[in-house]
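Chemist: The structure is given below, and queries will be raised subsequently.
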């Protein structure tokens, strides 16, 4: 790897009995992870070290959980949605700021044969340690830096653009992370060796999804739920699927989200004029403009010509897996989902 | 206790073998703590539960450290300034939001016979758990609520009003805590049963000193160093000693702190006009006005007539204990300390 991390890690591990396994792809794939689990069991591995971005860390979490699982199929860990209380201990060396997986106990894994991209996790899946060196950002391609900025930004929005919940300090923290991401974005996009921008970008990504801003506050995650389906269907980068869904989701749900969107407009974007609804709409436009400033397109048709039928297909996928409601109040219906996705064509 | 906490705790502990000890005073006193340590040793206590405010929790941390200490005198734990790596496990039930001790590993203890009020701590002194119920605030006297607001506010300032250090996200978090304290202050002072104000006040106090905003940033703590001496000399409440020192400390050190004070003025107090120095001075006035709005006086002469000679005495106390420098760059001299304290008369 041109960032030099591989050599650094090898050197740090000299003297230990180390087995290497590469090839965990973006959207960590179940079949690849199964191979890793087999190696862990046959070779009596006792500690895992994830060196990579969110996909590698998420995949390692799955391996960690599966290594100590006694049931029939490791996929149960994902589908049963039971919190994972114990996993094989693991550490992480983060090479791509974005997902926050380095400081949380959640994971998203993908299964191509069933077209599933699903989240799981539990208190047993926190890393023992994570090493974050902002200098790794210097070797990340610009489109992936853009993805990281957008991903972290949406992580915060999913925990902030809800109904007002009196979590005044959490709101300030969320706004602070978003302000920092907005402020560092042009600098880190232009010059990834800018240490000030790189370090604040990296720390913002971690704080966006380590549980801090979630304390005592509701969370939406509908954008992620829908976005995951777009990745499964079209192979679109995770962060870009979020950018595709955001505007239509917030526009469609304006009524229940307008107070927080207006506060967002005022505090983060400095919008001072207009009614609550006008400010909320201004926030939605500002968010879209931020994605565009990162070179991220925000319509599904920007990524594929074959978008017809996507809305109905996705809504039906959720129904087939057992509809549990969606959004911070679990009040969205499959019909709502279809409309939101269609608005994003 | 009229807050009902005592009964709640007793009920929760029914079935356990519990020894009670009350009487830890504000500024936990060494001689009282020694008695507790003796009981812990003779009765084979294995777990400590601090039910109270910062003084009770800090005192419990000292007991925790001393219970496992083999040396000659437990006071060594304080004077040797060696990080405490292991303590007897303890939990906390917080009854007075202010110090943040419920989520950090630091402690300040007092020894009347030698007129010392000193900090110590280490990774072995984190609580196993802390219970924070904002409803306890309803029974706290108004002057103690004011103390808690001022204490937490100065905790943030000590980690923020330094030289600029490129910690962009930490700055935003610090500003968010201070904004929240400013916003809740009039509400919680007026009506301590206001749950929204109480919960955000309590959470702000914890986040002000749990290490979060300290990551990758410099810290001053000179206000605390000088304030502790005022408590030892005159018995002034801890928070009020901080309010006494703040204005003169920031005015005296304006040159090295003006950039952060100006940022403070802009982002927290909405000051938009003026030079950096004018904004910095505006911030200092705003801080003083905030203390006054809490009914907290900001001159030493507001608390005692016997202030003559205090400045020289305090400077000399630090010299006698071994001068290590003071302030975020350790650049203040004993002469600087004397001048700052004198400005606060």
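Protein chains in written order, with our numbering: chain A, 1 to 345; chain B, 1001 to 1345.
We put the beta carbon where it would ideally sit given N, CA and C, even for glycine.
With contact counted as at least three CB pairs below 8 Å, one residue from each stretch, are the segment 282–293 of chain A and the segment 236–252 of chain A in contact?
Modeler: Touching, per the Cβ criterion.
Chemist: To the nearest angstrom, report how far apart residue 1326 (chain B) and residue 1220 (chain B) are at their CA atoms.
Modeler: Near 8 Å, if we compare the C-alpha coordinates of residue 1220 (chain B) and residue 1326 (chain B).
Chemist: In this structure, what does DSSP give as the bridge partners for residue 92 (chain A)?
Modeler: A:50, A:130, per the DSSP bridge assignment.
Chemist: Tell me which residues share the same chain as residue 208 (chain A) and place their Cβ nearer than 7 Å to its Cβ, disregarding the 5 neighbours each side in the sequence.
Modeler: Excluding residues within five positions, the ones whose Cβ falls inside 7 Å are 100, 152, 155, 156, 177.
Chemist: Are the C-beta atoms of residue 240 (chain A) and some chain B residue less than 8 Å apart?
Modeler: With 8 Å as the cut-off, residue 240 (chain A) does not count as an interface residue toward chain B.
Chemist: Pop quiz: residue 168 (chain A) and residue 1200 (chain B) are said to be a contact at Cβ under 8 Å. What is the actual Cβ separation, rounded to whole angstroms?
Modeler: Sure, about 4 Å apart at Cβ, within 8 Å.
Chemist: Let's see if you can read the secondary structure: which residues bound the beta strand (DSSP E) around residue 1121 (chain B)?
Modeler: Note, residue 1121 (chain B): beta strand (DSSP E), 1116–1121.
Chemist: Within the same chain, show all residues whose beta-carbon is closer than 8 Å to that of residue 1257 (chain B), passing over the 5 residues directly before and after it, in chain order.
Modeler: Around residue 1257 (chain B): 1161, 1162, 1163, 1250, 1280.
Chemist: Return the Cβ separation of residue 417 (chain A) and residue 93 (chain A) in integer angstroms, given the expectation that the two are a contact with Cβ distance under 8 Å.
Modeler: The structure shown has nothing for residue 417 (chain A), since chain A only spans 1 to 345.
Chemist: Looking at C-alpha atoms only, which residue of A:47, A:55, A:43 is the closest neighbour of residue 29 (chain A)?
Modeler: It is A:55.
Chemist: Assign residue 171 (chain A) to buried or exposed, taking buried as 16 or more other Cβ atoms, counted over all protein chains shown, within 10 Å of its Cβ.
Modeler: Buried, by the Cβ-count rule.
Chemist: With 8 Å as the threshold, decide whether the Cβ of residue 1204 (chain B) is near any Cβ in chain C.
Modeler: Although the question refers to chain C, the structure presented lacks it and instead comprises the protein chains A and B.
Chemist: Report the CB separation of residue 158 (chain A) from residue 224 (chain A) in whole angstroms; it is logged as a contact under 8 Å.
Modeler: Contact flag correct, Cβ pair sits at about 6 Å.
Chemist: Taking 8 Å as the CB-CB limit, is residue 1260 (chain B) close to chain A?
Modeler: Chain A, which has no Cβ nearer than 8 Å to the Cβ of residue 1260 (chain B), makes this no.
Chemist: Say whether chain B places a C-beta atom closer than 8 Å to the C-beta of residue 176 (chain A).
Modeler: Yes, residue 176 (chain A) lies at the interface with chain B (some Cβ there is under 8 Å from its Cβ).
Chemist: If residue 1120 (chain B) sits next to residue 1107 (chain B), beta carbons under 8 Å apart, how far is it from one beta carbon to the other, in whole angstroms?
Modeler: Indeed, because the Cβ distance is near 6 Å, the residues count as touching under 8 Å.
Chemist: So is residue 196 (chain A) in contact with chain B if we call contact Cβ pairs under 8 Å?
Modeler: Yes, contact with chain B.
Chemist: Just curious, the alpha helix (DSSP H) that residue 1111 (chain B) is in, first and last residue?
Modeler: Note, residue 1111 (chain B): premise wrong, no alpha helix (DSSP H); beta strand (DSSP E) at 1106–1111.
Chemist: For a contact meaning CB atoms closer than 7 Å, what does residue 169 (chain A) contact in chain B?
Modeler: Within chain B, the residues near residue 169 (chain A) are 1176, 1177, 1180, 1200, 1203, 1204, 1207.
Chemist: To the nearest angstrom, report how far apart residue 1047 (chain B) and residue 1008 (chain B) are at their CA atoms.
Modeler: So the alpha carbons of these two residues sit roughly 18 Å apart.
Chemist: Unbroken beta strand (DSSP E) runs of length 3 or more, entirely within the segment 1168–1251 of chain B: which are they?
Modeler: Complete beta strand (DSSP E) runs here, min 3: none at all.
Chemist: Using a Cβ cut-off of 8 Å (strictly closer), state whether residue 290 (chain A) contacts chain B.
Modeler: Answer no: the Cβ-Cβ gap between residue 290 (chain A) and chain B never drops below 8 Å.
Chemist: Please determine, among B:1060, B:1306, B:1277, the residue with the shortest C-alpha to C-alpha distance to residue 1357 (chain B).
Modeler: A question about residue 1357 (chain B) goes unanswered here, because the residues of chain B that appear run from 1001 up to 1345.
Chemist: Considering only residues of the segment 264–320 of chain A, which uninterrupted alpha helix (DSSP H) runs meet the minimum length of 4 residues and lie entirely inside it, listed in chain order?
Modeler: If we require 4 residues or more, the alpha helix (DSSP H) runs fully inside the segment 264–320 of chain A come out as 276–293, 310–320.
Chemist: Would the beta-carbon of residue 63 (chain A) fall within 8 Å of that of residue 40 (chain A)?
Modeler: Yes. Within cutoff.
Chemist: Tell me residue 1085 (chain B)'s beta-bridge partners as DSSP assigns them.
Modeler: For residue 1085 (chain B), which the question treats as bridged, DSSP gives no partner whatsoever.
Chemist: Can you pull the chain A residues whose beta carbon is under 7 Å from the beta carbon of residue 1172 (chain B), in chain order?
Modeler: Result: 176, 179, 180.
Chemist: In angstroms with no decimal places, state the Cα-to-Cα distance between residue 349 (chain A) and residue 271 (chain A).
Modeler: Absent from the structure is residue 349 (chain A), since the part of chain A shown begins at 1 and ends at 345.
Chemist: For residue 1332 (chain B), does the count of other Cβ atoms within 10 angstroms reach 16, so buried, or fall short, so exposed?
Modeler: That one is buried.
Chemist: How about the segment 185–192 of chain A and the segment 76–95 of chain A: do they share at least three Cβ pairs that are nearer than 8 Å?
Modeler: No: fewer than three Cβ pairs fall under 8 Å.
Chemist: What's the C-alpha gap between residue 133 (chain A) and residue 196 (chain A)?
Modeler: Those two C-alpha atoms are separated by around 12 Å.
Chemist: So which residues of chain A does residue 1166 (chain B) contact, with C-beta pairs closer than 7 Å?
Modeler: 196, listed in chain order.
Chemist: Quick check on DSSP: helix, strand or coil for residue 1031 (chain B)?
Modeler: Looking at residue 1031 (chain B) - three-state DSSP - the assignment turns out to be helix.
Chemist: Going straight from the alpha carbon of residue 262 (chain A) to that of residue 1335 (chain B), what length do you get?
Modeler: Residue 262 (chain A) and residue 1335 (chain B): Cα-Cα distance of roughly 51 Å.
Chemist: Identify the continuous alpha helix (DSSP H) that holds residue 347 (chain A) and give its terminal residues.
Modeler: Residue 347 (chain A) is absent from the model: chain A starts at 1 and stops at 345.
Chemist: Nearest to residue 43 (chain A) by CA position, among A:67, A:24, A:25, is which residue?
Modeler: Taking only the C-alpha atoms, the option nearest residue 43 (chain A) is A:67.
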